[in-house]
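As numbered in the numbering used here, residues 50 to 750 make up the sequence shown, in order. Backbone N, C-alpha and C define an ideal beta-carbon position, used for all residues, glycine too. Here is the structure we will look at, set down as structure tokens.
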Amino acid sequence: MAEPKLNPPQRAAVTTLAGPLLVLAGAGTGKTRVITFRIAALIKSGIKPDRILAVTFTNKAAKEMKHRAMALIGKRRRGEQGPEISTFHSLCVRVLRRHADKLGYPKEFSIYDRGDQETVARSALRDIRVGHEKLRPGDLLHAISFWKGASIAPDVAETSAEDDKKQLAAMAYRRYQEHLRASGAMDFDDLLLKTEELFARFPEARFAEATRFDHLLIDEYQDTNGLQYRIVKALADRHRNLCVVGDDDQSIYGWRGAEVTHILSFQRDWPEAKVVRLEDNYRSRAPILALANTLIGHNATRHDKVLRPFREGGEPPRFIRFEDETSEAESVVREIAHRIDSENPERVPPSALAILFRTNEQPRAFELELRRARVPYQLVGGLSFYDRKEIRDVLAYLKVLANPSDEVSLLRVLNTPPRGIGASTVETLLEQAVSAGQPLWSVLPAAMASGDIPHHAGERIEAFRQMIEGYRARLCSMPLAELVRDLIATVNYKSEIERVYKNPGDVEARWHSIEELVNAVAQYEERSEGASLLGFLEESTLAGRDEQKDDDKKKERQLHAVTLMTMHSAKGLEFPHVYMVGMEEGLLPHSRSIIDGRSIEEERRLCYVGVTRAQDTLTLTLCKARMKWGKARPQIPSRFLMEMRGETEKAQRAAEAAEKLFRGELPESQGGEPAAAAAAESAPAKKKRKKPAVRARSLRG
């Protein structure tokens, strides 16, 4: 059945041409269609195209919107401008080009990229005589970006600094801004911040910009941060012809400053606003939408709306529990391989399938199985597991244990984490190795006696060498996963993560990657006869091999590949067949949300986004146990699974058990007891690993 051009609610949104308008556009309800048709309707009503401004968040979305709008409008008379459709940042650049001199910047100001910013950050740190050991340029830039996003000026940052490090960063922030101003430059964050400042300090500039347009349309309004919200109000307050389109149920970017309250409070900000709800979903089959509606109904703070299916019928979503993450990956990939098999009469193309996950560590097991099954895939929105810095660092340690003559790996870990072996010392060692015609490892024992190397550096080199030799001696006498775990602790690799990444969320994510590597070692040992370090390194090297092809082949592969992506990255996309994996407490909802308790509703919205990506079939999987630092730990099924099925009491028990577990009130080893109480049914443990299919059981209602 063909989708109608405009249904009654869409038509109401398109034909409401004056005053504030809130369009609550549920998932798959034709949001972009409404915006583009509304632009065309405004022009047909007599509004000049160049008096219309539409703003969205990405260049891709702006380009698509402009293309679709111009197709509806048709050819314009020569010299007649079209509507202005752009991102927030592009809009602010144009505003500042006209008025930057009022703020003390040239109208031809430069916009600094990340590399330029790091250069300025180093200069600022030198100005206040702070070395990189106290505050790294990257950490300073992270702090500055946070302050700018919150509209915090350098003087306010200094007075509110909580500790000495924040005080140093605030002082450097002031110098950083002075360097930018002296260079006639702004960074990316300044584009929004300086536009807000311009409107606040110079009413005539605000009036000039507000009178450029008679109509303002904002896409994805639920994703606006405080700066964007205030800029929109300044531009629309005069004519009040403001149309915002969005869905509070898909507000999933609170961690980067988006405030769902903006869309929830729209009628308070604009009391005369008309509200139109788009609830006819053209994407998903009825059983999928039934789950989505039931799930999101558990959020207390939301606009009331219910998605209605345009496409009736369809298969009910499946809930499948596996013994562990290896079984989960094996079974999901086996089913995908069958679905895309050329001999399957119901074959679907690989691009019709997507595996969605909550965290960046989860796809490792799926990547491994997809490679083994020779299923083409693309990992969207992140590095392949084995390409991450922390994974490459730890693998380099393991390569040195296996083969100390591996000079590339040895050089990578010799001073990682920093242990006082500087670049000049390394250069001297390399010169000695070249002179002696020996591998670098062979000249390390003589480092302490070398007159060319400082004594303290020689001691540290010897300590490093003895540590490596000690672990090499233990290779045959202890389980490999235990050895790797001990090595990571001995070198204190967590200190390296904390040194490189100052954001607690980044530290946690990187540390989880290390944990996942230990899990990979343990799983390799469990399934391999005669497991060895060399065997594991060979497997991981083959799994992590870069696929370097030309752009045309890459594009072709993407069109003919299964998609792996986080639920955050999947927003705005759709797939005929979706697998949502790892549906467990601690993953979805994430452990951080469980601990702080404040963002469970955002986690539920994220789950809702995942569910509503599916067009025809949806499979939700979870594990009875999952590896944590190489050891199997019982898992608690996600409360969201029970909520979707209408099992509110079981969902509450799962939530209570998870809160006790992640707040340290329940030993991790006991996680299975509350999990069993929360689960729909228990799945019997199966020890044999060769038949994962028999260990999967449906959680039947």
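Start-end ranges of the beta strand (DSSP E) lying completely within the region 232-285, minimum 3 residues: 234-236, 264-267
Contact set for Thr64: own chain, Cβ-Cβ below 7 Å, skip 5 residues either direction: Beyond the five residues adjoining it in sequence on each side, Thr64 comes within less than 7 Å, by CB distance, of Ala90 in the same chain, given in chain order.
Residue environment, Pro553, which counts as buried when at least 16 other CB atoms sit within 10 Å: By the neighbour-count definition (other C-beta atoms within 10 Å, threshold 16), Pro553 is an exposed residue.
Element boundaries [alpha helix (DSSP H), containing Phe315]: 315-318
Unbroken stretches of the alpha helix (DSSP H), 4 residues or longer, contained in the region 59-142: 80-93, 108-122
CA-to-CA distance, Ala681 to Glu650, given in whole angstroms: Distance between the alpha carbons of Glu650 and Ala681: 29 Å.
Per-residue burial, Gly471 [other beta carbons within 10 Å of its own, 16 or more giving buried]: exposed
C-beta contact flag for Glu364 and Ala335 at 7 Å: no
Val424 beta carbon less than 7 Å from that of Ala386: Yes, they are a contact pair.
Within 7 Å, strictly: CB atoms of His228 and Ser159: Judged by their CB atoms, His228 and Ser159 are not nearer to each other than the 7 Å cut-off.
Asn393 - DSSP class collapsed to helix/strand/coil: coil
Neighbourhood of Lys115 by C-beta distance below 7 Å, restricted to the same chain and skipping five residues each side: Hits under 7 Å: Ile134.
Of the listed residues Asp318, Ser577, Ala307, Thr343, nearest to Leu291 (C-alpha basis): When each option's Cα is compared against that of Leu291, the closest is Asp318.
Exposure label - Lys673; buried when at least 16 CB within 10 Å: With 16 or more other Cβ atoms within 10 Å, it is buried.
DSSP bridge partner residues for Asn330 (one or two, in chain order): Pro358
Buried/exposed call for Ala512, threshold 16 Cβ in 10 Å: Ala512 comes out exposed.
Integer Cβ distance of Lys156 from Ala254, believed to fall under 8 Å: That belief does not hold up - the Cβ atoms of Lys156 and Ala254 are roughly 13 Å apart, past 8 Å.
For Cys656, the first and last residue of its enclosing alpha helix (DSSP H): 649-660
Meets three-Cβ-pair contact criterion under 8 Å: the region 414-423 and the region 525-542: They do not touch, by the three-pair rule.
As assigned by DSSP and simplified to three states, the class of Phe158: coil
Residues of its chain near Lys448, where Cβ-Cβ distance is below 8 Å and the 5 sequence neighbours each way are ignored: Asp455, Ser458, Leu586
Own chain, CB closer than 8 Å to Glu308, minus 5 neighbours either side, in chain order: Thr273, Asn274, Gly275, Tyr278
Inter-residue Cα distance where the pair is Ile122 and Ile92: If I take the Cα positions, the gap works out to 8 Å.
Cβ-Cβ distance between Gln684 and Thr375 below 7 Å: no
Distance between Gly75 and Asp238 (C-alpha atoms, nearest Å): Taking the straight line from one Cα to the other gives about 30 Å.
Local Cβ density within 10 Å of Trp196, reported as buried at 16 or more and exposed below that: buried
Cβ-based burial, Cys525 [other Cβ within 10 Å; buried from 16]: exposed
Nearest-angstrom Cα separation, counted from Arg370 out to Leu748: With a pLDDT of 41 at Leu748, under the threshold of 50, the modelled position of that residue is not reliable, and the figure given next carries that caveat. Taking the straight line joining both Cα atoms gives about 7 Å.
Top-ranked residue by Cα proximity to Arg437, from Ile193, Asn409, Pro453: Asn409
As assigned by DSSP and simplified to three states, the class of Glu480: Looking at Glu480 - three-state DSSP - the assignment turns out to be helix.
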